[in-house]
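J.: One structure coming up, written as structure tokens, with questions to follow.
Protein chains: 4
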Amino acid sequence: MVGGGRGSFIGGVHRIAAQLDGEALLVAGALSSNPIIAAETAAAWYLERSYDSFADMAAVEARRPDGIDFVIVATPNHLHYPVAKAFLDAGIHVVCDKPLALSVAEGEALAARVDLGTALFALTYTYTGYPAVRHAREMVRGGHLGRLRKVLVEYNQSWLMEPIEHSGSKQAAWRTDPTRSGISGCVGDIGSHAENLLHFVTGEKIAALCADLSTFVPGRALDDDANMLIRLEGGAKGTLVCSQIACGEDNDLTLRLYGDKGGLEWHQQEPTSLIFKPRSAPWQVFRTGGGASSESAQAAARLPAGHPEGYLEAFAVIYRDFIADIRRVHRGEAPHRNYPSVHDGLRGLRFIAKAVESARNGGHWVTL
Amino acid sequence: MVGGGRGSFIGGVHRIAAQLDGEALLVAGALSSNPIIAAETAAAWYLERSYDSFADMAAVEARRPDGIDFVIVATPNHLHYPVAKAFLDAGIHVVCDKPLALSVAEGEALAARVDLGTALFALTYTYTGYPAVRHAREMVRGGHLGRLRKVLVEYNQSWLMEPIEHSGSKQAAWRTDPTRSGISGCVGDIGSHAENLLHFVTGEKIAALCADLSTFVPGRALDDDANMLIRLEGGAKGTLVCSQIACGEDNDLTLRLYGDKGGLEWHQQEPTSLIFKPRSAPWQVFRTGGGASSESAQAAARLPAGHPEGYLEAFAVIYRDFIADIRRVHRGEAPHRNYPSVHDGLRGLRFIAKAVESARNGGHWVTL
Amino acid sequence: MVGGGRGSFIGGVHRIAAQLDGEALLVAGALSSNPIIAAETAAAWYLERSYDSFADMAAVEARRPDGIDFVIVATPNHLHYPVAKAFLDAGIHVVCDKPLALSVAEGEALAARVDLGTALFALTYTYTGYPAVRHAREMVRGGHLGRLRKVLVEYNQSWLMEPIEHSGSKQAAWRTDPTRSGISGCVGDIGSHAENLLHFVTGEKIAALCADLSTFVPGRALDDDANMLIRLEGGAKGTLVCSQIACGEDNDLTLRLYGDKGGLEWHQQEPTSLIFKPRSAPWQVFRTGGGASSESAQAAARLPAGHPEGYLEAFAVIYRDFIADIRRVHRGEAPHRNYPSVHDGLRGLRFIAKAVESARNGGHWVTL
Amino acid sequence: MVGGGRGSFIGGVHRIAAQLDGEALLVAGALSSNPIIAAETAAAWYLERSYDSFADMAAVEARRPDGIDFVIVATPNHLHYPVAKAFLDAGIHVVCDKPLALSVAEGEALAARVDLGTALFALTYTYTGYPAVRHAREMVRGGHLGRLRKVLVEYNQSWLMEPIEHSGSKQAAWRTDPTRSGISGCVGDIGSHAENLLHFVTGEKIAALCADLSTFVPGRALDDDANMLIRLEGGAKGTLVCSQIACGEDNDLTLRLYGDKGGLEWHQQEPTSLIFKPRSAPWQVFRTGGGASSESAQAAARLPAGHPEGYLEAFAVIYRDFIADIRRVHRGEAPHRNYPSVHDGLRGLRFIAKAVESARNGGHWVTL
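Protein chains in written order, with the working numbering: chain A, -14 to 353; chain B, -14 to 353; chain C, -14 to 353; chain D, -14 to 353.
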């Protein structure tokens, strides 16, 4: 793993998720740009090898006969590109946190690099790993919603409602810093999850948007709240809302879809349920893990219905599918690529850029 | 009552709500433009006097010593203005259904007429009568939310998701007909409720909006779905969403507010609960009827907590307050005007006009 | 109405419910044993005739050509029998609050009196009037649950968790006084509702029970909490729980049924939803007022789905059905008797007596 | 690990939970009584050492310098005692699945063995590992509920509502077989969880109970449903309900407590929320992971609020605390014993025995 050392939220998440199904072991890391933190975290995690720099790690691991099979990029956004590139160049498969990179240009370069090479690449858009989200996708694909008309996607948090970036929160500090986070704060950090969830489930791209971005906390350099009108390429319309100043909301990612045959509703904070709203019939509540859900949803579940699986398990589904692909490649088989790709990440970067562009122009419509 | 005869939804609602607290009796009506339906409905409702035209009714009732104290206008929108005006001119108090009139011009004329006269006027924005909504207003006024930052208001229904206006639904027919409904369908019918609820609770007006109106059902002349970005005069931003094609939603009016001290959430379909989300403390669930709610909320409740009160009771709160004002006026006292006014209605008409204007111009921002 | 004057909870409820559908007008009353309260309440309610005693009222109204069609008995329990009997003897139809009477003996006498006469009799087991409860009964009758195996019924409140009977609460005072309430407090007051709801929906009687009754508030003469094991005549088993000391619960009446084909769940505090749990399929949520519910449920609803109806509306359904029967009798037709009967009340009194008997014998099983 | 091979539900759960926090690695196993399944499962799990018998494993591992630090007992119930004893005798720490053993006698022997030795022993009563359950315990300890009056605990499932033990379900087969499961089916399997959850949170023992056990599925040898009246040693009363034939319920473990100052409610299927019901104030909803929960609850959480943790994470909390104790013992420190003990298991066996005794005697009260 690169990045993710002590003080990081997502580092520990990657560590647990990557190992959860017993298909991988974390053995090496360049866990912090601060060598002391890097070493201490590596020791606390019982890693066999700790590096002071990601470049060293890529070089050394690529040469070792027992070198790592894949690397996890868990750094702030500005390092995604150089770190991922270094390991790709060394022929090592890459799992990268989102958003893909700092800018569309970086994202395009990275996508080109992945497309040209043989190393596998996965982006951890966590929420695609939930069984209920997989089931939602199957329902859309199966025509249970008919033609989509209206889509409402939201991702509301409150943790940045005060200027905690000035009082010691490392996570807040880099997320509100344009040099490390990119051109957007809230849209980049969580709006991108909302965009990807919408795309993953519906299979459709946002064709146009009109965005109102705000910075409510005085002195903050990046947006901490956004409201957008969106239009999908298939004709559906709706809103995409995200906020990190929504007082009282923890991590409220919600998707609602309405077609001409049925509707769907999912809440990340109660992830094991999916509500289906057929035309002229009672609502149905699918519970993950049960026999009523689709094959694809059952493949993503580990436990029988009623035994809640959560965020770590969803994260680990992405790893499980990615590692299965590595094994396939080792066996000379074609990978299944059943996880978010570098192109999903690039589409996300373009979404972020267009949202910022729309907002800067006073909230005009822009096409994607 | 004028209008509201057999086949109307809202006529029966007004009848029950007006009489619910035992403070009024419905005795006379011009219940339909069809004299047979008018007479039959009057008989079914045990009315003492049935008229063939509202003009006759206004004239005759004004002269009778036992004439009506107030009239209920429950017609389609295009008749609100002439009917209300006729009774105001006859010196009879008026309760009028929303939206106020067919156009801003009509609304301005009506507001001027009300302001110049002595007759009382109430507009039945139903949802302001819920105890939980009253409590929400008290919480905002009491500063429990701090300065508002984000507002999300939605009103989603599904009943017009198919062209039922062509298969015998009287209610669908006039609501989708510009000559009877005005320049907007969905925004006029229910978006106006959303606007009023937002104003009632926050005390703030929408300062600017950017609207995307749609007509999803082929052949329909008016919008059946809308998504808007809004900005309040006090600096809060957010979305106002309404739809009559949201498959599976019955009558899902929802309000969410986020300030710098607290958040609030209310769902009309579970109207007896109000969720308060204080900063850095667990969510609190207020139940109406209980001792924990504000004086104003308790005044709007009739039953102890746990005995659900619903839509009819909320409607009846508006009537109760209006009738109390009539009694005050009879006693020579000043009215309290604790119900939506003609100016609330006029503000609503302007909101509808601006939403349509924004959408027609390709979804540009307009100021109100 | 007899009883129900100022200070009563249920008097005002009966008044609204009886008149809600515009099929009856409250014109006369003996509203309190205190003549001053009786007169003042009658004036506040705009009654035409106020009596100092129920006996006078029965006698005078029976003789008047415009005498009342039916009487509402809204007194404390100990007066149900004498009041109801007086009006039945005078040939006046009776709507009586529950429980039916002070004792099984009184209940048997009243049932015999009703059976022998021609006057109609309804008992206001409120919760049978909810559309969702009607729909639940249809689902059981239609075989959607299969053979019942397990039943869980609860009715938990908190309002008597402190000795408020000693600090001025009239309602608490008579409910905790054996001379006015009978041999049981909590079981008589709300356990009887739970028993009746279970019977109404399942059509089955409790065949045996084992009860643990408690008095948690020191100095109280009657039970304020009960836990029971129950067995239905058809072989299902389960629990019946009621409490008036369950801190934080307002009026939490809940029914859960499990058969060999499906389950059902209903919560009085969210009365417009009914959850159906079919074997091997997702849960379904029926919303009252919608087209998916049964004819019987739709007949009990006044509003389209999404417009909540509550406690008063449920109460008023009983009145509507009762008044329709009075009109049938006036027309010489047979009544439909679509409301709780004197025999439902008698079964309830036997249930109360058996629960007390079981508890007094140390919690042994007793058969009914 | 002993037991838990292919076809087992709980084996895979133990494997993930034990390793989730990166503090242990599964290296050896005797995963099935069938040597082929044992070997195949060991290979699939990348174990270094696979044994054909638990006795061999205990003997060999005890001798190896790199032998296991602790064993996981994930067999059917009848093997808990011999397996645990073998490893305790070999000086190896033990984590054992519940219930503790096949009988009270076995349980007493095992408890005596643990008490006499130095090896640590943990019982995986999973639900004690949830942060919300830890917080509930702190609230009771902190006096927020006052003196307990009423307790309602339920554990309802549906998976055994048909005789799947005859159609190839290994898990159903041993759970319904007295020789492998003990004297009770449903009470032993899940009623024991309910008893332990109640004890864990309240700190109180059941002093007396009265049980009605049923076998609804024809031909089944053990109970598949139970309803009990219970009395706690501190004076609270209530019910304990469990079922494996409750159609439509997946894994519905629910705890409700009512004291004279507050109430608590927790649902295992929405494990991240805990509802507190203070006297005379709105309900509060604690979300795990947030700053509002107690130190003990936060120690059991890995993620910030809004990132759901579920069943596996709860399970892993028990392992984390157990492994921390092993490290303490290795360092010569006293263990903290912050996990269910052999004595919790013994109390559970006595509860099972008493429930069966009560039911066999026709549902009489028995004291514990």
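Glycine is no exception: its CB is placed at the ideal position from the N, C-alpha and C atoms.
#1: Using only the alpha-carbon positions, how far apart do C/Ala94 and C/Ser88 sit?
#2: Please identify, using Cβ separations under 9 Å, the residues of the region 214 to 236 of chain D that lie next to chain A, in order along the chain.
#3: From this set, C/Asn181, C/Phe72 and C/Ala59, which residue's C-alpha is nearest C/Ala40's C-alpha?
#4: Residues of chain B with CB under 9 Å from D/Gly274, in chain order?
#5: From the DSSP output, which residues share a beta bridge with D/Ile57?
#6: So D/Met146 contacts chain C; which residues on that side make the cut at Cβ distance below 9 Å?
#7: May I ask you to list, following chain order, the residues of the region 295 to 320 of chain A that have a beta carbon less than 7 Å from some beta carbon of chain D?
#8: Just to confirm, are D/Gly291 and B/Pro267 a CB contact at a threshold of 9 Å?
#9: So with Cβ pairs under 9 Å, would you call D/Trp268 a contact of chain B?
#10: Step through the CB atoms of chain B and report whether any lies within less than 9 Å of the CB of C/Tyr66.
#11: Give me the DSSP bridge partner(s) of A/Val140.
#12: For A/His321, count neighbouring Cβ atoms within 10 angstroms of its own Cβ and tell me buried if that reaches 16, exposed if not.
#13: Look up B/Arg160 in the DSSP assignment and say whether it is helix, strand or coil.
#14: Could one say the Cβ of B/Ala139 lies closer than 9 Å to chain A's Cβ atoms, at least one of them?
#15: Using a C-beta to C-beta distance shorter than 8 Å, which residues of chain D count as neighbours of B/Phe271?
#16: In this structure, how does DSSP classify D/Lys135 when only helix, strand and coil are distinguished?
#17: D/Gln4 lies in the beta strand (DSSP E); which residues open and close that run?
#18: With 8 Å as the C-beta to C-beta threshold (strictly closer), list the residues of the region 251 to 263 of chain D near chain A in chain order.
#19: Can you give me the start and stop residues for the alpha helix (DSSP H) that A/Phe336 sits inside?
#20: Short check: CB of A/Asp329 to CB of A/Leu108, under 9 Å?
#21: Show which residues of chain D have a CB atom less than 8 Å away from the CB atom of A/Arg0.
#22: Can you look up B/Glu46 in the DSSP assignment and give me helix, strand or coil?
#23: With distances taken between CB atoms, is the gap from C/Gly219 to C/Glu189 smaller than 9 Å?
#24: For B/Gln269, list the residues DSSP reports as bridge partners.
#25: Around the C-beta of A/His120, are 16 or more other C-beta atoms found within 10 angstroms, so that it is buried, or is it exposed?
#26: Could you tell me the distance, in whole angstroms, from the CA atom of B/Ala301 to the CA atom of B/Leu238?
#27: On a Cα-Cα basis, can you pick out the residue from B/Thr352, B/Lys70, B/Gly131 and B/Asp162 that is closest to B/Arg335?
#28: Thinking C-beta only, is A/Thr60 closer than 9 Å to A/Gly(-11)?
#29: Please check if any C-beta of chain G sits within less than 9 Å of the C-beta of A/His151.
#30: Measuring only between beta-carbons, confirm whether C/His328 sits less than 9 Å from chain D.
#31: Give the interface partners of A/Gly176 over in chain B, defined as CB-CB distance under 9 Å, in chain order.
#32: Distance, Cα to Cα, C/Glu139 vs D/Arg287?
#33: I'd like to know whether the C-beta atoms of D/Tyr36 and D/Gly52 end up nearer to each other than 9 Å.
#34: At a Cβ threshold of 9 Å, is B/Trp30 touching chain A?
#35: Is it the case that the Cβ atoms of A/Ala231 and A/Ala344 are separated by a distance below 9 Å?
#36: Where does the unbroken beta strand (DSSP E) through D/Ser177 begin, and where does it stop?
T.: On the basis of the supplied data:
#1: Straight-line Cα distance between these residues: approximately 10 Å.
#2: Residues Glu234, Asp235 and Asn236.
#3: Nearest option by C-alpha distance: C/Phe72.
#4: Ordered by position in chain B, no residue passes the 9 Å Cβ test against D/Gly274, which lies about 12 Å from the chain.
#5: In the DSSP output, where bridge partners are listed per residue, D/Ile57 has D/Val80.
#6: Neighbours of D/Met146 on chain C, chain order: Arg134, Tyr243, Asp245 and Arg264.
#7: Within the region 295 to 320 of chain A, Gly295, Tyr296, Leu297 and Glu298 place their CB atoms closer than 7 Å to a CB of chain D, listed in sequence order.
#8: No; because the gap between Cβ atoms is not below 9 Å, this pair is not in contact.
#9: It does; some Cβ of chain B falls within 9 Å.
#10: False, the Cβ-Cβ gap to chain B never drops below 9 Å.
#11: The sequence shown places Tyr at residue 140 of chain A, rather than the Val named in the question. Bridge partners of A/Tyr140: A/Cys227 and A/Leu238.
#12: Looking at its Cβ environment, which holds fewer than 16 other Cβ atoms inside 10 Å, A/His321 is exposed.
#13: Collapsing the DSSP output to three states places B/Arg160 in a helix.
#14: According to the sequence displayed, residue 139 of chain B carries Glu and not Ala. Yes - at least one Cβ of chain A is within 9 Å of the one on B/Glu139.
#15: Within chain D, the residues near B/Phe271 are Pro267.
#16: In the displayed model, D/Lys135 falls within a strand according to three-state DSSP.
#17: According to the DSSP assignment, D/Gln4 belongs to no beta strand (DSSP E) but to the alpha helix (DSSP H) extending over Ile(-5) to Gln4.
#18: Of all residues in the region 251 to 263 of chain D, only Gln253, Gln254, Glu255, Pro256 and Thr257 place a beta-carbon less than 8 Å from a beta-carbon of chain A.
#19: Unbroken alpha helix (DSSP H) run through A/Phe336: Val327 to Arg345.
#20: A contact, by the Cβ cut-off of 9 Å.
#21: Ordered by position in chain D, the residues that pass the 8 Å Cβ test against A/Arg0 are Gly7.
#22: For B/Glu46, the three-state secondary structure derived from DSSP is helix.
#23: Yes, these two residues count as a Cβ contact at 9 Å.
#24: According to DSSP, B/Gln269 bridges with B/Phe261 and D/Gln269.
#25: By the neighbour-count definition (other C-beta atoms within 10 Å, threshold 16), A/His120 is a buried residue.
#26: One C-alpha to the other measures close to 19 Å.
#27: Closest option to B/Arg335, judged by alpha-carbon separation, among B/Thr352, B/Lys70, B/Gly131 and B/Asp162: B/Thr352.
#28: In contact: A/Gly(-11) and A/Thr60 (Cβ atoms closer than 9 Å).
#29: Protein chains in the displayed structure are A, B, C and D, and chain G is not among them.
#30: No Cβ of chain D is located within less than 9 Å of the beta carbon of C/His328.
#31: At a beta-carbon threshold of 9 Å, none of the residues of chain B lie near A/Gly176; the nearest stands roughly 14 Å away.
#32: If I take the Cα positions, the gap works out to 36 Å.
#33: Against a cut-off of 9 Å, the Cβ pair of D/Gly52 and D/Tyr36 comes out as no contact.
#34: Taking Cβ atoms only, chain A never reaches closer than 9 Å to B/Trp30, which makes this a no.
#35: Against a cut-off of 9 Å, the Cβ pair of A/Ala344 and A/Ala231 comes out as no contact.
#36: D/Ser177 -> not in any beta strand (DSSP E); alpha helix (DSSP H) instead, spanning Ser177 to Thr187.
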